[in-house]
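Q:
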Amino acid sequence: MNYYLFLISLFVFILNIHVSNIAIARDPNYPEASSGITPRESFSASNFMVSAANPIAVNEGYKILESGGNAIDAAITTQLVLNLVEPQSSGIGGGAFILYWDNEQKQLYAYDGRETAPNAATSELFTYPDGKAIARSDAMIGGKSVGVPGLISVMDLSHKNHGELPWHKLFSPAVNIAKNGFAISPRLFTLLKQSPSFSKAKVPAQYYYTANGLPKPIGYILKNPKLAVTYQKIAKDGVQGFYTGKIATAIINEIKTASQNPSNMTMDDLLNYRAKLREPVCASYRVYKICGMPAPTSGSTAVIQIMKLLERFDLPNMAPWSSSIIHVFIEATRLAYADRSVYMADPDFVSVPQLPLISSTYLSERSKLIDLSKRMKSVIAGSPTNKLGRPFKRGFSFELPSTSHIVTIDGKGNAVSMTSSIESAFGSHLMVEGFLLNNQLTDFSIAPNANDTNIANRVQPGKRPRSSMAPIMVFDKNDNLVVALGSAGGISIIPFVAKTLISILDWKMNAQAAISLPNIVIFRDTVILEKNTPLIKHKNSLESLGHKIVTARFPSGTHAVNIKNGLLWGGADPRREGIVMGN
32 MNYYLFLISL FVFILNIHVS NIAIARDPNY PEASSGITPR ESFSASNFMV
82 SAANPIAVNE GYKILESGGN AIDAAITTQL VLNLVEPQSS GIGGGAFILY
132 WDNEQKQLYA YDGRETAPNA ATSELFTYPD GKAIARSDAM IGGKSVGVPG
182 LISVMDLSHK NHGELPWHKL FSPAVNIAKN GFAISPRLFT LLKQSPSFSK
232 AKVPAQYYYT ANGLPKPIGY ILKNPKLAVT YQKIAKDGVQ GFYTGKIATA
282 IINEIKTASQ NPSNMTMDDL LNYRAKLREP VCASYRVYKI CGMPAPTSGS
332 TAVIQIMKLL ERFDLPNMAP WSSSIIHVFI EATRLAYADR SVYMADPDFV
382 SVPQLPLISS TYLSERSKLI DLSKRMKSVI AGSPTNKLGR PFKRGFSFEL
432 PSTSHIVTID GKGNAVSMTS SIESAFGSHL MVEGFLLNNQ LTDFSIAPNA
482 NDTNIANRVQ PGKRPRSSMA PIMVFDKNDN LVVALGSAGG ISIIPFVAKT
532 LISILDWKMN AQAAISLPNI VIFRDTVILE KNTPLIKHKN SLESLGHKIV
582 TARFPSGTHA VNIKNGLLWG GADPRREGIV MGN
């Protein structure tokens, strides 16, 4: 299929959907609403490819690859444009995790651009004077929830190590779009409409809404001259253009004077922020090697755990999403979540048993807890280090699914799998210099027991909150890249990515078919099956095994590219607006 026709026809189709025809799911646990499903065709290319959450951003990333840029260059440009056209999900006011595959060196790099707590933060950050936890809905808005942004730093670090095009050139497409404007998409319109508190935020209200308080309509050409100036400053001055000077001052002033939950972040917090290069976490699965980001994100580790917990089951010879497969998938996910809630946190502050958690010995024993005939009554964390007891208690946190994922592969076979986020829809609702600030600090354990020193994910100064982001790459026995993928979706990123991996590796689907397969999510003791899909026929059999079943629509945002027989097969989640482009 001609990629230009694919882009244009799909984008025109999206823009012409009237909001009354969009099915909007408004589950309180999914504040970034579902905006309906648009079927996607399988798409392949032989040279390079981009998959991301918005057609405009994908097109600009494609142009970077076409002009000689590599996978890192294309991912950075795509992300900068996403900040404009998908502001509810990610941006330079937030953070990211980046996996980069150097195909010539056959080496994988893992870059941590997670936000950090201010140095003045304490374990009482989200508690009232009486010690009770602030309601999450109250904690999310305002300055106190804002972590020191890491996106610019992590893009800068990865570009310095691997980029080919000049840094400033990567900003030009986003600068031009910010100056000239872009058409508001149905999804952005829907989310603006479904966010009444955001419409009352002073600066965003002036930018995204009319004088009557209504979202600017679908197709409205929205310009962002302030963000254009911000991008030009960072393009010229590099990373210091963001973490010092006018932009940094504006960030601190905004969060310190916020009418709700003012912050104690300082200029030094911004100045001292550093993205980190970490060691990827890898484990075998059948004939493959699955690799991802280590802590402070729990996502890749949990995905690897799920896959290895399922390895003893003959999934390749079982029908996709049969009742028995759904059951073992649910149970494996519950086991992974139990370990996640106890052990995963910032490894610079706590001892994370990263390798023991994904060891074959530990997980083969753990898998024996899965009973094909019934649901496990209760699930607790295991002891991956074979020591008596567990060093940490369970710490509760709840991540919200306003996130974005990018996959880029260049003509030399280099690849990026990058997940970025500002946390909940439109982040903290604070906007400075044309971009929104994150509310990622609510990813710390903020329950009443959060001050407990035995809670691994408790708030500490300078600490990075636990995440569920799960950028993944899969390799064959010869270290050839097989799959690059990741997803949006908060804590549900983990089952979204695991489902897609099973579909590609075990059921031999291409990326698009795998992503389009119905989703299954586990939320505490409830299993959520994707509404209006064939999964519903399994409800009775799953309930007979002891599962509590409900149905809902999912605003997942999975993007993937799998490589088969020399072709790149791209996939974009039909539940959002993303597309794939390649040559």
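For the sequence shown, this note's numbering assigns the number 32 to the initial residue and increments by one for each residue that follows. Note that beta-carbon positions come from the ideal geometry of N, C-alpha and C, so glycine has one too.
Quick check: what's the CA-CA separation for Leu512 versus Pro605?
A: For this step, residue 512 is matched to residue 481 along the sequence shown. For this step, residue 605 is matched to residue 574 along the sequence shown. Leu512 and Pro605: Cα-Cα distance of roughly 24 Å.
Q: In the DSSP output, which residue or residues are listed as bridge partners for Lys320?
A: Residue 320 sits at position 289 when you count from the first residue of the sequence shown. Answer by DSSP bridge pairing, in chain order: Ser315 and Phe506.
Q: Using the beta-carbon count (16 or more within 10 Å), is Glu285 buried or exposed?
A: Numbered from its first residue, the sequence shown carries residue 285 at position 254. Buried.
Q: Quick check: the region 492-504 against the region 405-416, are there 3 or more CB pairs under 8 Å?
A: Not touching, per the Cβ criterion.
Q: Assuming Gln271 is part of the alpha helix (DSSP H), what are its boundary residues?
A: Within the sequence shown, the letter at position 240 stands for residue 271. Gln271 to Tyr274 is the span of the alpha helix (DSSP H), which, as asked, contains Gln271.
Q: Can you tell me which of Phe202, Arg145, Ala152 and Ala141 puts its alpha carbon nearest to the alpha carbon of Ile91?
A: Walking along the sequence shown from the start, residue 91 turns up at place 60. It is worth fixing the name first, because residue 91 is Glu in this sequence and not Ile. Checked all of Phe202, Arg145, Ala152 and Ala141; the closest Cα to Glu91 is Phe202.
Q: With a threshold of 8 Å, are at least 3 pairs of Cβ atoms found where one atom belongs to the region 448-458 and the other to the region 115-124?
A: Result yes; three or more Cβ-Cβ pairs closer than 8 Å.
Q: Between which two residues does the beta strand (DSSP E) carrying Glu574 extend?
A: For the purposes of this step, residue 574 is taken as residue 543 along the sequence shown, with counting starting at 1. That residue, Glu574, is in no beta strand (DSSP E); its alpha helix (DSSP H) goes Lys570 to Ser575.
Q: For Ile477, which option in Glu396, Ala164 and Gln136 has the closest C-alpha, if you only look at C-alpha atoms?
A: Here residue 477 refers to the residue found at position 446 of the sequence shown. If we check each option's Cα against that of Ile477, Ala164 comes out closest.
Q: Is DSSP giving Glu310 helix, strand or coil here?
A: Locating residue 310 in the sequence shown gives position 279, where the first residue counts as 1. Three-state result, Glu310: coil.
Q: What separation, rounded to the nearest whole angstrom, lies between the Cα atoms of Ala209 and Ala141?
A: For this step, residue 209 is matched to residue 178 along the sequence shown. For this step, residue 141 is matched to residue 110 along the sequence shown. Their backbone Cα atoms lie some 30 Å apart in a straight line.
Q: Is the CB-CB distance between Phe360 and Leu341 below 8 Å?
A: Taking the first residue of the sequence shown as 1, we reach residue 360 at position 329. Taking the first residue of the sequence shown as 1, we reach residue 341 at position 310. Yes; because the gap between Cβ atoms is below 8 Å, this pair is in contact.
Q: What number of angstroms, rounded off, separates the C-alpha of Leu46 from the C-alpha of Gly609?
A: Residue numbering aside, residue 46 sits at position 15 when the sequence shown is read from its first letter. Residue numbering aside, residue 609 sits at position 578 when the sequence shown is read from its first letter. Per-residue confidence for Leu46 stands at a pLDDT of 35, beneath the threshold of 50, marking its modelled position as unreliable; the derived number appears in the next sentence. Near 13 Å, if we compare the C-alpha coordinates of Gly609 and Leu46.
Q: Decide if Gln555 is buried, meaning its Cβ has at least 16 other Cβ atoms within 10 Å, or exposed.
A: If you number the sequence shown from 1, residue 555 lands on position 524. Correcting the residue type first, residue 555 is Arg in the shown sequence and not Gln. Arg555 should be labelled exposed.
Q: Closest to Leu188 by CA distance: which of Ala242, Ala314 and Gln271 is it?
A: Position 157 of the sequence shown holds residue 188. For Leu188, the nearest C-alpha among the options comes from Gln271.
Q: Alpha carbon to alpha carbon, what distance is there between Val592 and Phe466?
A: In the sequence shown, counting from the first residue as 1, residue 466 sits at position 435. In the sequence shown, counting from the first residue as 1, residue 592 sits at position 561. For Phe466 and Val592, the distance between alpha carbons rounds to 29 Å.
Q: Helix, strand or coil for Asp474? Go by DSSP, reduced to three states.
A: On the sequence shown, position 443 is the one that residue 474 refers to. The answer is helix: DSSP assigns Asp474 an H, G or I state.
Q: May I ask which residues mark the beginning and end of the beta strand (DSSP E) holding Asn511?
A: As a first step, residue 511 is located in the sequence shown; it is residue number 480 there, counting from the start. That residue, Asn511, is in no beta strand (DSSP E); it is neither H nor E in DSSP.
Q: Once the 5 residues before and after Lys247 are set aside, which same chain residues still bring their CB inside 7 Å of it?
A: Numbered from its first residue, the sequence shown carries residue 247 at position 216. These residues qualify, in order along the chain: Ile215, Tyr239, Tyr240, Thr241 and Leu253.
Q: Could you name the residues that DSSP lists as bridge partners for Val581?
A: Against the sequence shown, residue 581 aligns to sequence position 550. According to DSSP, Val581 bridges with Ile559.
Q: Who are the Cβ neighbours of Trp600 in its own chain at under 6 Å, not counting the five residues just before and after it?
A: Walking along the sequence shown from the start, residue 600 turns up at place 569. These residues qualify, in order along the chain: Ser75, Asn541, Ala542 and Asn593.
Q: Can you tell me which of the three DSSP states Asp133 falls into?
A: The residue given as residue 133 occupies position 102 in the sequence shown. Here Asp133 sits in strand by DSSP.
Q: With a CB to CB cut of under 8 Å and the five nearest residues on each side skipped, what residues in its chain are close to Leu113?
A: As a first step, residue 113 is located in the sequence shown; it is residue number 82 there, counting from the start. Taken in chain order, the residues that qualify are Ala83, Ala84, Asn85, Ala88, Ser120, Ser121, Gly122, Ser435, Ile437 and Ser451.
Q: Secondary structure at Phe457, three-state DSSP: helix, strand or coil?
A: Indexing the sequence shown from 1 puts residue 457 at position 426. Phe457: coil per DSSP, three-state reduction.
Q: Quick one: what does DSSP say Gly250 is sitting in, helix, strand or coil?
A: Here residue 250 is taken as the residue at index 219 of the sequence shown, counted from 1. If DSSP states are grouped into helix, strand and coil, Gly250 belongs with coil.
Q: DSSP on Thr364, reduced to helix/strand/coil?
A: As a first step, residue 364 must be located in the sequence shown, where it is residue number 333. Here Thr364 sits in helix by DSSP.
Q: Starting from the Cα of Leu566, find the closest Cα among Ile580, Asp268, Gly442 and Glu195 and give me that residue.
A: As a first step, residue 566 is located in the sequence shown; it is residue number 535 there, counting from the start. Answer by Cα proximity: Ile580.
Q: With a Cβ-Cβ cutoff of 8 Å, do Ile321 and Ile503 count as a contact?
A: Counting from 1 along the sequence shown, the entry for residue 321 is found at position 290. Counting from 1 along the sequence shown, the entry for residue 503 is found at position 472. Closer than 8 Å, so yes.
Q: Closer than 6 Å by C-beta to Phe380: which residues in its own chain qualify, once you throw out the five before and the five after it? Chain order, please.
A: Counting from 1 along the sequence shown, the entry for residue 380 is found at position 349. Once the five neighbours on either side are set aside, the close Cβ partners of Phe380 are Gln491 and Lys494.
Q: Count the other C-beta atoms from every protein chain shown that fall within 10 angstroms of the C-beta of Thr332, then say buried if there are 16 or more, exposed otherwise.
A: Counting from 1 along the sequence shown, the entry for residue 332 is found at position 301. It counts as buried.
Q: Distance check for Arg489 and Phe79, CA to CA, integer angstroms please.
A: Translated into positions along the sequence shown, residue 79 becomes position 48. Translated into positions along the sequence shown, residue 489 becomes position 458. Each residue's alpha carbon lies about 42 Å from the other.
Q: Let's see if you can read the secondary structure: which residues bound the beta strand (DSSP E) around Gln138?
A: The residue given as residue 138 occupies position 107 in the sequence shown. Start and end: Gln138 to Gly144.
Q: Output yes or no for whether 8 Å exceeds the beta carbon distance between Ile183 and Phe128.
A: On the sequence shown, residue 183 is found 152 positions in, with the first residue counted as 1. On the sequence shown, residue 128 is found 97 positions in, with the first residue counted as 1. Result no, Cβ atoms of Ile183 and Phe128 do not sit closer than 8 Å.
Q: Does Ala603 come out as helix, strand or coil in the three-state DSSP assignment?
A: Taking the sequence shown and counting its residues from 1, one reaches residue 603 at position 572. Three-state result, Ala603: strand.
Q: Kindly indicate the opening and closing residues of the beta strand (DSSP E) around Lys399.
A: Within the sequence shown, numbered from 1, the residue matching residue 399 stands at position 368. No beta strand (DSSP E) holds Lys399; DSSP gives it neither H nor E.
Q: What would DSSP say about Glu532, mapped onto helix, strand or coil?
A: Indexing the sequence shown from 1 puts residue 532 at position 501. Reading off the sequence shown, one finds Leu at residue 532, where the question assumed Glu. Leu532: helix per DSSP, three-state reduction.
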